[in-house]
Ligand SMILES: Cc1ncc(COP(=O)(O)O)c(C=O)c1O
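Numbering (the working numbering), first residue to last: 2 to 376.
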């Protein structure tokens, strides 16, 4: 059975095997070496240039933990762009943490424009931070980072916190170029690992502000975790099997191993870029498939995610489509949140190949034909 839901994604057997390695102590030299293996490739994942002063680290918790951690120590007032279930969750967390939270609300399936973000920052500010879910997995909406980055250059006191959960390793983040201050991604999306750890990256100015602030958490204190990473230690016992898997997966991505045969000679940043292009082609192919069946994508063309397609339901029952596809060896997903009953989603992310996508789409062709006959 191939898993095409928008996370957790299919994990390669070689990566699963890493999770079964003999255990090591988390304060051992072996663990420090594991950090050494992870660090340089994680910096490539966030698109950091060699001279970057931004810091990366890994935390044992799912991405929701980092939504929370990112907000500790940023200040009192936060603007949250809410355009799907996960951005809504982040705004809720900000409220629970007692931050003065202003929501810039968009319909699920849409993205906030740079102009709307700029207007909200000007009219409802001053703000200490802006939260943005760059790829709303619930709706397949990608918010291009360039436009928001341009706006935030006009608001130098606002820290930019970005959820790249289903974006990282599927699309280029370019953390420093865009002036992002905090970004995080769970392991179970385009990194194609099992769930349970989250990787993150912070800017020097985020660290500076957070260090001076009162941060009301021990386990979810990003500063503590980042400082630990520098010393190749973790504040608490990490999920070591997933660290093994992460190290191998990052080395494989940087070493071209996960690319199509013709591109496997690529290394480093070039290999990461080629991985993004595979995702982009899979998005385009899925879109052509949907159009062939007269199905529409929920997001506008300029906001379509490269990692997850959110397709409007046609003249069929989504649950029956999912069941027919499953009978043919593939699992795809129903909609989520506000779009639960009117859409279905295909998570074409991670280590799925373009050939595998062809077999999924043929299975989906057959499934739709079977539904038409039954109707
Ligand atoms: C965009 C986005 N942000 C945050 C989360 C929350 O991640 P987790 O369930 O791993 O805590 C998800 C989960 O699917 C997500 O897709």
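Note that beta-carbon positions come from the ideal geometry of N, C-alpha and C, so glycine has one too.
Q) When DSSP labels each residue in this structure, what does residue 65 get in the three-state scheme? A) As a first step, residue 65 is located in the chain shown; it is residue number 64 there, counting from the start. Residue 65 falls in the helix class under three-state DSSP.
**Q.** Backbone secondary structure at residue 245 - three-state DSSP
**A.** As a working note, residue 245 is residue 244 in the chain shown. In this structure, residue 245 counts as helix in the three-state DSSP scheme.
**Q.** Helix, strand or coil at residue 27 according to DSSP, with G and I counted as helix
**A.** Within the chain shown, residue 27 is the residue found at index 26, counting from 1. If DSSP states are grouped into helix, strand and coil, residue 27 belongs with coil.
Q: Return helix, strand or coil for residue 73, following the three-state DSSP convention.
A: Here residue 73 refers to the residue found at position 72 when the chain shown is read from its first residue. Residue 73 falls in the coil class under three-state DSSP.
Q: Could you tell me the boundaries of the alpha helix (DSSP H) in which residue 209 lies?
A: Taking the chain shown and counting its residues from 1, one reaches residue 209 at position 208. 205-213 is the span of the alpha helix (DSSP H), which, as asked, contains residue 209.
Q. From this set, 146, 354, 346, 325, which residue's C-alpha is nearest residue 312's C-alpha?
A. Here residue 312 is taken as the residue at index 311 of the chain shown, counted from 1. Of 146, 354, 346, 325, the residue nearest in Cα terms is 346.
Q.
What does DSSP give as the partner residue(s) for residue 161 in the beta ladder?
A. Translated into the one-based positions of the chain shown, residue 161 becomes position 160. Answer is 131.
**Q.** Assumed close pair residue 170, residue 192 - CB separation to whole angstroms, cut-off 8 Å
**A.** Within the chain shown, numbered from 1, the residue matching residue 170 stands at position 169. Within the chain shown, numbered from 1, the residue matching residue 192 stands at position 191. At roughly 5 Å, the Cβ-Cβ gap stays under 8 Å, so residue 170 and residue 192 are in contact.
Q: Check residue 87 in the structure and name its three-state DSSP category.
A: Against the chain shown, residue 87 aligns to sequence position 86. Reduced to three states, the DSSP call for residue 87 is helix.
Q | Cβ-Cβ distance between residue 459 and residue 212 below 8 Å | A | No answer is possible for residue 459: it lies beyond the span of the chain, which begins at 2 and ends at 376.
Q. Helix, strand or coil: how does DSSP classify residue 274 here?
A. Start at 1 with the first residue of the chain shown, and residue 274 comes out as number 273. Here residue 274 sits in helix by DSSP.
Q.
Tell me whether residue 351, by its Cβ, gets closer than 7 Å to a heavy atom of ligand 1.
A. The residue given as residue 351 occupies position 350 in the chain shown. Checking the Cβ of residue 351 against ligand 1 gives no.
Q) Are the CB atoms of residue 205 and residue 44 nearer to each other than 8 Å? A) In the chain shown, the residue the question calls residue 205 occupies position 204. In the chain shown, the residue the question calls residue 44 occupies position 43. It is not a contact, given that the beta carbons lie outside the stated cut-off.
Q) Just the Cα atoms here: how many angstroms apart are residue 201 and residue 93? A) Taking the chain shown and counting its residues from 1, one reaches residue 201 at position 200. Taking the chain shown and counting its residues from 1, one reaches residue 93 at position 92. Answer to the nearest angstrom: the Cα atoms are 21 Å apart.
**Q.** Length of the line joining the Cα atoms of residue 157 and residue 52
**A.** To locate residue 157, count along the chain shown from 1; it is residue 156. To locate residue 52, count along the chain shown from 1; it is residue 51. So the two alpha carbons sit approximately 22 Å from each other.
Q: Compute the minimum distance between the beta carbon of residue 31 and the heavy atoms of ligand 1, and state whether it is under 7 Å.
A: Taking the first residue of the chain shown as position 1, residue 31 is located at position 30. It does not: the Cβ of residue 31 is nowhere closer than 7 Å to a heavy atom of ligand 1.
Q | 7 Å Cβ shell around residue 264 - same chain, five flanking residues per side excluded | A | Mapped onto the chain shown, residue 264 falls at position 263. Within the same chain, residue 264 has close Cβ partners 257, 275.
Q.
Can you tell me whether residue 137 sits near ligand 1, meaning its C-beta is under 7 Å from at least one heavy atom of the ligand?
A. To locate residue 137, count along the chain shown from 1; it is residue 136. Yes - ligand 1 has a heavy atom lying nearer than 7 Å to the Cβ of residue 137.
Q.
If you reduce the DSSP assignment to three classes, tell me which class residue 226 lands in.
A. Counted from its first residue, the chain shown places residue 226 at position 225. In the structure shown, residue 226 sits in a helix (DSSP, three-state: H, G or I).
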